[in-house]
Amino acid sequence: MYNSQNFFKISSCSKFKNPIRVINCSKVSTASVSTEKEALLPLKVSEINEKCKKWGWKGYTINYFVYPEINNDTSNPPLLLIHGFGASIAHWRRNIPILAQSYTVYAIDLLGFGASDKPAGFAYSMEVWAELILDFLDEIVRRPAVLVGNSVGSLACVIAAAESTRSLVQGLVLLNCAGGMNNKAIVDDWRIKLLLPLLWFFDFLLKQKGIASYLFDRVRKRDSLRNILSSVYGNKDNVDEDLVEIIKKPAEDEGALDAFVSIVTGPPGPNPVQLIPKITLPVLVLWGDQDPFTPIDGPVGPT
């Protein structure tokens, strides 16, 4: 790891029953967590796409990846990586080779993202994704695993761990955990209360098909995506063509617009701050203090 005195601020949260470590990564944003082993080459996006598998879930097709495909060492629990909003399995391409040195690594595209189905008119929710995660652990991984989530993926992991009664989850790693599926999450925070009328108006506009289509077409343009990604990556060098394409390609799928509107305008889901005390598993929280979307001093930051 990097020298913790220079890079990480580590503290514990004693108000919770479960052991929690909070690491404030002063140069890491939502999009990148690195280690000294970064000399390992990232997986190629084409390699990930070629080796992905399909899993049928409630009549939908879910895309997933396992690396290495064969690992007889069961001394460490498997890891299941859950991406954030707009991302997919390939978002973890730099992390998987490092993690796979010690663990069997699984990663999935949540319903509505990546190469997983994007059913028209589907009502997306955090609870749906949490259920998907638990069923994947039960049917595909088939042994207790550590969940690693980014942004809304972190929140889905928290919900899954809080709801699991089958000992499927062994621990949590939360990277810049989102407060909800969208910005309406923390309505008790004064900053959100001030914005609620604007958020409701924005929801109204997005539910107009023509307006939503126009906005979505602008957002998914290559230059727009590059600008957005540059605003959340501490290391701008990581905003390469591969990353832009990872976000852009699924956004062109049929059903992507419906997913975008449903996720942005739907219910925010449970509050992670209220769920964490119910979890008795080990939890590691990593937070980049340059994250503009879920700031560490915001309503759900671990401060």
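Each residue of the sequence shown is one higher than the one before, starting from 1 at the first, in UniProt numbering.
Ideal Cβ placement from N, Cα and C applies to all residues, glycine included.
Collapsing the DSSP output to three states places Gln101 in coil. Leu110 and Leu132 have their alpha carbons spaced roughly 8 Å apart.
Remark: C-beta atoms of Ile48 and Trp55 do not approach each other more closely than 8 Å. Beyond the five residues adjoining it in sequence on each side, Val239 comes within less than 7 Å, by CB distance, of Arg226, Leu229, Ser230 and Tyr233 in the same chain, given in chain order. Rounded to the nearest whole angstrom, the CA to CA distance from Pro42 to Ile96 is 8 Å. Taking C-alpha positions only, Trp287 is separated from Ile82 by approximately 16 Å. Beyond the five residues adjoining it in sequence on each side, Val128 comes within less than 6 Å, by CB distance, of no other residue in the same chain.
In this structure, Leu175 and Ser154 form a Cβ contact; the two beta carbons are roughly 6 Å apart against a cut-off of 8 Å. Burial is judged here by how many other beta carbons sit within 10 angstroms of a residue's own beta carbon; Gly86 has at least 16 and is buried. Here the stretch 251-264 lies against the stretch 118-125, with 3 or more beta-carbon pairs under 8 Å apart.
The alpha-carbon separation between Val283 and Arg93 amounts to approximately 23 Å. Proximity to Leu281 across Ile98, Val173 and Pro267 peaks at Val173, based on C-alpha coordinates. Cβ contact annotation for Gly266 (same chain, cutoff 8 Å, sequence separation greater than five): Ala123, Tyr124, Ser125, Met181 and Asn182, in chain order. Around the CB of Asp291, 16 or more other CB atoms lie within 10 Å, so the residue is classed as buried. In this structure, Val141 is the residue among Ser46, Val141, Lys53 and Gly59 with its C-alpha nearest to the C-alpha of Pro78.
The Cβ atoms of Leu168 and Leu134 sit closer than 8 Å to each other. By alpha-carbon distance to Leu243, the top candidate from Ser224, Thr294 and Ala259 is Ser224.
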